[in-house]
Amino acid sequence: MRIAFLNRDRAIAELRDAAQRLVARDARVLAVGLFGSLARGQALPSSDADVLIVLREHPQPRWFDRIAEYAEAFAATSLPVEPFAYTQDELKQMLATRVGFLQTILREVMPLSGDDRIWSELKADQGES
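Every letter in the sequence shown is one number past the one before it in the UniProt record's numbering, and letter 111, counting from 1, is 111.
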């Protein structure tokens with residue numbers, strides 16, 4: 001089936017519900033935020049949802065080894081989700097080295113669930129509040 005129209009509000013509501021369930025069941029998850037074209041209001045029907053998951057800690061040392069675990073949390077949503085799961089310490093290290101990818105995310109992040117103070121702390125670490 002081909003989607004001809006993307007209902008942004010519905011998509012965000014589905015993502016928020018999935019994020020809330022994830023935060024409730026996984027104590028490692030501190031916050032979940034949406035970024036990318038859907039957060040900016042520029043998504044197309046073919047777009048995916050880019051989700052940043054901030055973790056307290058995780059036994060997998062590489063973020064890309066965490067993708068499958070966190071993609072499953074969003075499997076019931078009506079659009080594909082690209083999860084980016086990093087520990088808070090990893091994100092702070094990225095900010096210290098001025099990783100542009102993260103700076104862009106923090107400019108446009110839309111909190112979905114968890115502790116909203118995480119976003120303020122990361123922005124402060126970046127030098128913007």
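All residues carry an ideal CB built from backbone N, CA and C; glycine is no exception.
Distance, residue j Cα to residue i Cα
i, j, result
"Leu38", "Ala19", "15 Å"
"Arg62", "Arg8", "31 Å"
"Asp59", "Thr104", "The question names Asp, yet the displayed sequence has Pro at residue 59. The straight-line gap from Cα to Cα measures roughly 27 Å."
"Leu6", "Gln126", "33 Å"
Cβ pair residue i, residue j closer than 8 Å
i, j, result
"Lys123", "Leu106", "yes"
"Leu95", "Val32", "no"
"Leu30", "Asp89", "no"
"Leu55", "Ala24", "no"
"Pro83", "Ala71", "yes"
"Glu57", "Thr87", "yes"
First through last residue of the alpha helix (DSSP H) which encompasses residue i
i, result
"Val23", "8-25"
"Asp89", "88-96"
"Ala39", "37-40"
"Ala124", "117-126"
"Glu57", "No alpha helix (DSSP H) holds Glu57; DSSP gives it neither H nor E."
"Ala68", "67-72"
Bounding residues of the beta strand (DSSP E) (the contiguous stretch that carries residue i)
i, result
"Phe101", "No beta strand (DSSP E) holds Phe101; the alpha helix (DSSP H) holding it covers 100-108."
Residues bridged to residue i [DSSP beta-bridge criterion]
i, result
"Pro83", "Val51"
"Ala31", "Val54, Gly114"
Q) Are three or more beta carbon pairs between the segment 8-19 and the segment 42-52 nearer than 8 Å? A) Three or more beta-carbon pairs separated by less than 8 Å link the segment 8-19 to the segment 42-52, which places the two stretches in contact.
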